[in-house]
Structure formats: C-alpha cells, structure tokens
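Q: Here it is, the structure in full.
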Amino acid sequence: MGRAVGRPVRRGPAGERAGRAAAGPGRRQAVSERAPRHPPEYLEGIRLFNHREYYEAHEVWESRWLHVGDSSANFYKGLIQAAVATLHWERGNTVGARKLYGSMRKYLSAYVPVFMDLDVVGFLQMMEDYFEPLQRAVTAGQPVPPPEIAHPPQIALNERARS
293 MGRAVGRPVR RGPAGERAGR AAAGPGRRQA VSERAPRHPP EYLEGIRLFN HREYYEAHEV
353 WESRWLHVGD SSANFYKGLI QAAVATLHWE RGNTVGARKL YGSMRKYLSA YVPVFMDLDV
413 VGFLQMMEDY FEPLQRAVTA GQPVPPPEIA HPPQIALNER ARS
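In structure tokens, the structure reads:
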C-alpha cells in the first residue's frame, strides 16, 4: 500500500529524507549532519596520550587551547600539563614533573566530577597514584624511583561518548 495523502518521501543515498531545509529552530539535523560530539583535537590528544606519545598529545591539545575562548580553556591547559608532567617524569626531570603535576591538579580540579565526558575525578586519582612514588620519595628525601611505566595513566571517556 502506498501513501494516501501528500507527496512521497524522497530518500537520499544513506536513507535519510532528501530535500529538507537545513536544521534551524524547531528542526532536527539528520545523524549524518550532526557536529561531532567532541573536537577532533581533544580526541586525538587522548589517543596520543594513551599511546604514551605525551609530547605529541601536548602539541595537539595546545593547538586547540590556543583557539578556544570558552570555559574549556583551562581544561585543555590541565590536560597539556598532565601530558608534559608524565613526559618529564619518564625522562627523569623530577622537578619539572612535580611542578606540572601540581598545576595540572589545580586546573583539572575545577572540572570535577565530569567534563567533556572525561571522569575528571577518576583521572586525577589515576594521576595521583602514578605520581605518588615520586611525591613520597621527594618528601622523604629518598632517591626517586623510576616511574611505573608498565602502568601509565590512561584517559577513558564515558561510554556514551564513544559512539
């Protein structure tokens, strides 16, 4: 049976309705037309960070940070400092690592519990666990052990962000 009233609905190559006006007030965009959930630099920085390419992650996030003028600027600054702090410790620069670890905590703490689908509380705890041997050794005046490179910090977004 066909439609009794109105024109037939034209479909585009992906099955979406064709010939519709662009989304505006009161209109919905087709899934294929929606903007990405997160900026590509954010996601690429996470991918690089999780592959222990900390310098590259810092560069990608910095390129985004330099161009944002909204409430996410200090969030990116915190991620940049997380990457560089981790890089410094893995390269043996414990002074730089501790300094950036401290400022990273300050920046990211303003975004708890969750920001841009990142569990900020969980990430801060992971970073604290990773840097704890460094902090403990310096506080006790002991030699600083090498970082636990077998278990580096990782960034995971909430499940709903992965679609």
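Taken in order, the sequence shown gives residues 293 to 455; the numbers are from the numbering used here. Every residue gets a Cβ at the ideal spot worked out from N, C-alpha and C, and that includes glycine. No experiment lies behind these values; they were computed from the predicted model shown.
1) Suppose you measure from the CA of E351 to the CA of L379; what does that come to, to the nearest Å?
2) For P478 and Y334, what's the separation of their Cα atoms in angstroms?
3) Going by the beta-carbon positions, is the gap between M488 and G433 smaller than 8 Å?
4) By a C-beta neighbour count over all protein chains shown, 10 Å radius and 16 as the cutoff for buried, is P438 buried or exposed?
5) By a C-beta neighbour count over all protein chains shown, 10 Å radius and 16 as the cutoff for buried, is R428 buried or exposed?
6) On the three-state DSSP scale, how would you describe L410?
7) According to the neighbour-count rule (16 or more other Cβ atoms, all chains shown, within 10 Å of its Cβ), is G233 buried or exposed?
8) Go through its chain and collect everything with a Cβ distance to F367's Cβ below 6 Å, but skip five positions before and after it.
9) From D421 to Y347, what does the alpha carbon distance come to, in whole angstroms?
10) Pick out whichever of S355, I441 and A374 has its Cα sitting closest to the Cα of K391.
11) Does DSSP put L416 in a helix, a strand or coil?
12) Given F341, which residues of its chain have a CB within under 7 Å of its CB, disregarding the five upstream and five downstream residues?
A: With the given structure in hand:
1) Against the sequence shown, residue 351 aligns to sequence position 59. Against the sequence shown, residue 379 aligns to sequence position 87. Going by the C-alpha atoms only, they are around 13 Å apart.
2) This structure gives no information on residue 478, because the portion of the chain shown stretches from 293 to 455.
3) Past the edges of the chain, shown from 293 to 455, lies residue 488, and the structure says nothing about it.
4) To locate residue 438, count along the sequence shown from 1; it is residue 146. Exposed is the call here.
5) For the purposes of this step, residue 428 is identified with residue 136 of the sequence shown, where counting begins at 1. Label assigned to R428: exposed.
6) What you label residue 410 is simply residue 118 of the sequence shown in a count that begins at 1. Three-state DSSP puts L410 in a strand.
7) Since the first residue of the chain shown is 293 and the last is 455, residue 233 is not available in this structure.
8) In the sequence shown, the residue the question calls residue 367 occupies position 75. Closer than 6 Å at Cβ, skipping near neighbours: Y403 and F407.
9) The residue labelled residue 421 in the question sits at position 129 within the sequence shown. The residue labelled residue 347 in the question sits at position 55 within the sequence shown. C-alpha separation (whole angstroms): 21 Å.
10) The residue you call residue 391 lines up with position 99 of the sequence shown. With distances taken between Cα atoms, K391 lies closest to A374.
11) Numbered from its first residue, the sequence shown carries residue 416 at position 124. It is helical.
12) As a working note, residue 341 is residue 49 in the sequence shown. Answer for F341: A349, A375 and I447, listed in chain order.
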